[in-house]
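Here is the structure we will look at, set down as structure tokens.
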Amino acid sequence: MTAERTPVADEDAVALFERLNREAGQAGYHMNPDMEFVLGLMRGLLTNKERYGYMACPCRLASGVREKDLDIICPCDYRDPDLAEFGGCYCALYVSNAVLQGRQHLESIPERRPPADEREVKEVGQHAPPLGEVLPFPVYRCPVCGYLCAMNTPPLVCPICKADRDRFVRFF
Amino acid sequence: MTAERTPVADEDAVALFERLNREAGQAGYHMNPDMEFVLGLMRGLLTNKERYGYMACPCRLASGVREKDLDIICPCDYRDPDLAEFGGCYCALYVSNAVLQGRQHLESIPERRPPADEREVKEVGQHAPPLGEVLPFPVYRCPVCGYLCAMNTPPLVCPICKADRDRFVRFF
Amino acid sequence: MTAERTPVADEDAVALFERLNREAGQAGYHMNPDMEFVLGLMRGLLTNKERYGYMACPCRLASGVREKDLDIICPCDYRDPDLAEFGGCYCALYVSNAVLQGRQHLESIPERRPPADEREVKEVGQHAPPLGEVLPFPVYRCPVCGYLCAMNTPPLVCPICKADRDRFVRFF
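Protein chains in written order, with the UniProt record's numbering: chain P, 1 to 172; chain R, 1 to 172; chain Z, 1 to 172.
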């Protein structure tokens with residue numbers, strides 16, 4: 001007999017969904033309303049957790065080395081730009097409010113992750129550019145609560161006060 | 001017969017209250033405990049949502065042009081300074097903890113919104129001042145969790161770890 | 001008869017636990033799973049609240065002057081560095097996920113608070129160093145959501161999107 005992987009229990013998939021859904025809601029994100037589809041992704045995440053020790057994106061091929069896969073641990077580094085541009089993350093696990101309400105149609109989302117030889121590997125203890133030099137991301141400010149966020153585009157909604165993205169103003 | 005607006009259903013007002021109340025609580029804000037008063041404001045917000053497409057403040061006159069009213073979409077840009085100075089927002093929809101607990105009396109709140117000809121209109125894609133120049137708001141730091149907030153005064157409580165305002169320290 | 005302090009009611013201790021536990025969970029923190037131990041700390045916090053007017057750490061001696069004790073109001077300024085280094089705060093009220101899951105053993109946590117004559121007293125209205133000078137804490141960025149946090153080490157998990165600490169990158 002070959003080693004067999006224990007199939008993911010339904011209740012584990014549901015429990016993971018409930019945690020991620022609660023966390024998403026608190027921060028102003030939304031999960032795909034297609035429950036069966038989402039539970040399939042939960043099983044993929046739990047399988048990856050068992051296989052690699054971390055919840056690598058179920059729609060991408062993980063290396064098995066956490067340091068090389070930091071960018072694709074779910075939620076991945078590409079979720080927010082994909083939500084902003086396409087209304088969904090690469091897996092379509094997370095969708096924008098516009099998609100959720102049927103105001104935007106979710107099409108297939110191209111892979112934003114750079115190929116392996118173009119990826120920046122995070123160096124432990126790496127130094128930051130001194131203030132005054134150019135920062136790698138602009139910083140946006142929520143005018144309601146003062147929340148600061150360093151992204152190429154502001155979040156769809158402020159995770160603190162839920163103000164919409166178009167209210168954010170470039171801060172520095 | 002003239003066109004009539006459908007009155008806001010009670011359950012819609014309650015549902016909006018429940019969402020806003022949950023979001024407020026998560027970020028350390030409080031809604032006015034006078035439920036009847038609050039449900040009236042919910043009806044106003046939903047009426048504005050239907051009329052303008054966005055939830056403009058029910059206590060102010062909206063222009064109908066979202067770009068011109070970004071500052072008065074609820075929660076408005078003036079909520080937090082009004083909470084800090086007067087213990088309530090302009091509508092008294094949101095109140096401070098001190099007001100909620102009866103330690104502060106809520107008086108009428110003056111209009112903080114500048115007149116139309118003095119309002120800064122947000123330019124899309126506007127540039128930020130380079131680092132090193134004077135920023136439009138000071139940045140405060142929560143000493144417990146490191147949360148950064150760009151406001152003239154720190155939040156009443158840290159939205160992340162609920163530390164009180166007087167613990168915040170000016171960061172830059 | 002000498003004045004007696006009213007003992008803390010069980011339901012008050014439970015209510016405080018429920019609030020702190022909810023707030024902890026929302027921001028990615030965890031309370032010690034030993035309920036009896038935690039309820040004892042809740043009683044200590046409520047006793048301090050009654051005695052001093054603020055919830056000073058139940059495991060430290062408070063001065064009774066809020067301005068001098070700002071750093072030990074619970075959650076204290078030392079919680080996060082202690083969680084990062086030892087897996088628990090000084091009281092063991094908050095524990096790391098690793099401790100909660102039994103992957104880390106909680107040992108006794110040394111006092112991180114400086115002695116009284118070495119503590120910096122917060123000056124009201126103190127000025128911040130101008131940008132370009134050295135900041136007192138590095139700023140880390142969550143690569144998933146852009147959250148910025150000024151601490152010597154990043155949070156155990158991002159309070160917004162729950163990304164793990166090792167994904168954070170030094171921002172400035």
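Built from N, CA and C at the ideal position, the CB exists for glycine as well.
Quantities reported herein were computed from a predicted structural model and do not represent experimental measurements.
Option nearest residue i by Cα separation, candidates the options
{"i": "ASP77 of chain R", "options": "P:ARG170, P:CYS161, P:ARG113, P:GLU11", "result": "P:CYS161"}
{"i": "ARG19 of chain R", "options": "P:TYR90, P:PRO58, P:ARG103, P:GLN26", "result": "P:GLN26"}
{"i": "ARG141 of chain P", "options": "R:VAL99, R:LEU45, R:CYS149", "result": "R:CYS149"}
{"i": "VAL169 of chain P", "options": "R:VAL121, R:ARG170, R:GLY146, R:ARG165", "result": "R:VAL121"}
{"i": "CYS145 of chain Z", "options": "P:GLY146, P:GLY44, P:VAL157", "result": "P:VAL157"}
{"i": "ASP117 of chain P", "options": "P:GLY53, P:LYS68, P:CYS91", "result": "P:LYS68"}
{"i": "residue 182 of chain Z", "options": "Z:ALA9, Z:TYR29, Z:VAL38", "result": "Nothing about residue 182 of chain Z can be read from this structure; chain Z reaches only from 1 to 172."}
{"i": "TYR94 of chain P", "options": "P:PRO33, P:VAL139, P:MET151", "result": "P:PRO33"}
{"i": "ASP10 of chain R", "options": "R:MET35, R:ARG79, R:ARG113", "result": "R:MET35"}
{"i": "GLU143 of chain P", "options": "P:PHE171, P:MET151, P:GLU107", "result": "According to the sequence displayed, residue 143 of chain P carries Pro and not Glu. Cα-wise, what sits closest to PRO143 of chain P is P:PHE171."}
{"i": "HIS112 of chain R", "options": "R:TYR90, R:SER96, R:ALA98, R:VAL99", "result": "It should be pointed out that residue 112 of chain R corresponds to Arg in this sequence rather than to His. For ARG112 of chain R, the nearest C-alpha among the options comes from R:TYR90."}
Distance cut-off 6 Å: residue i Cβ against heavy atoms of the ligand SAM
{"i": "PRO155 of chain Z", "result": "For the ligand SAM, the structure offers nothing, since it holds no ligand at all."}
Residue i - partner residues in DSSP beta bridges
{"i": "ALA150 of chain R", "result": "R:VAL139"}
{"i": "ARG170 of chain Z", "result": "Z:TYR140"}
{"i": "ASP12 of chain Z", "result": "BP columns for ASP12 of chain Z are empty, so no partner."}
{"i": "GLY88 of chain R", "result": "R:VAL95"}
{"i": "HIS30 of chain R", "result": "R:VAL95"}
{"i": "ASP164 of chain Z", "result": "Z:VAL157"}
Cα-Cα separation between residue i and residue j, rounded to whole angstroms
{"i": "ILE73 of chain R", "j": "ALA56 of chain R", "result": "4 Å"}
{"i": "ARG167 of chain P", "j": "ASP71 of chain R", "result": "8 Å"}
{"i": "LEU65 of chain Z", "j": "PRO155 of chain R", "result": "In the sequence on display, residue 65 of chain Z carries Val and not Leu. One C-alpha to the other measures close to 22 Å."}
{"i": "PRO75 of chain Z", "j": "ARG60 of chain Z", "result": "13 Å"}
{"i": "GLU23 of chain P", "j": "GLU50 of chain P", "result": "22 Å"}
{"i": "PHE137 of chain P", "j": "PHE86 of chain P", "result": "20 Å"}
{"i": "MET42 of chain Z", "j": "MET31 of chain Z", "result": "12 Å"}
{"i": "TYR147 of chain Z", "j": "ARG165 of chain P", "result": "15 Å"}
{"i": "GLN101 of chain Z", "j": "SER63 of chain Z", "result": "36 Å"}
{"i": "TYR54 of chain R", "j": "LEU45 of chain R", "result": "8 Å"}
{"i": "VAL14 of chain P", "j": "ARG119 of chain Z", "result": "48 Å"}
{"i": "ALA163 of chain R", "j": "THR47 of chain Z", "result": "19 Å"}
{"i": "MET1 of chain R", "j": "PRO58 of chain R", "result": "In this predicted model, MET1 of chain R has a pLDDT of only 43, less than 50, meaning its place in the structure is not dependable; the value taken from the coordinates is given anyway. Taking the straight line from one Cα to the other gives about 27 Å."}
{"i": "ILE109 of chain Z", "j": "ALA92 of chain Z", "result": "8 Å"}
{"i": "LEU135 of chain P", "j": "LEU135 of chain R", "result": "16 Å"}
{"i": "GLY28 of chain Z", "j": "ARG79 of chain P", "result": "20 Å"}
{"i": "PRO81 of chain R", "j": "GLY40 of chain P", "result": "46 Å"}
{"i": "GLN104 of chain P", "j": "ASP12 of chain R", "result": "23 Å"}
{"i": "GLU107 of chain R", "j": "THR153 of chain R", "result": "21 Å"}
{"i": "SER96 of chain Z", "j": "SER96 of chain R", "result": "32 Å"}
{"i": "TYR52 of chain P", "j": "VAL139 of chain Z", "result": "30 Å"}
{"i": "LEU83 of chain P", "j": "ALA98 of chain P", "result": "10 Å"}
{"i": "PRO115 of chain Z", "j": "PRO7 of chain Z", "result": "31 Å"}
{"i": "ASN21 of chain Z", "j": "MET151 of chain R", "result": "28 Å"}
{"i": "PRO159 of chain R", "j": "GLY88 of chain P", "result": "27 Å"}
Contact residues within the region 17-28 of chain R, judged by C-beta distance below 7 Å to chain Z: GLN26
Against chain R: residues of the region 70-88 of chain Z by CB proximity under 8 Å: LEU70, ASP71, ILE73, PRO75, CYS76, ASP77, ARG79, ASP80
Every unbroken alpha helix (DSSP H) within the region 37-82 of chain R, with a cutoff of 4 residues, ordered by chain: 66-69
Positions along the region 140-167 of chain Z whose CB lies within less than 8 Å of some CB in chain A: Among the protein chains of the structure shown, namely P, R and Z, there is no chain A.
Contact list for the region 30-59 of chain P against chain Z, Cβ threshold 7 Å: none
Near-chain Z residues of the region 88-105 of chain P (beta-carbon distance less than 9 Å), N- to C-terminal order: none
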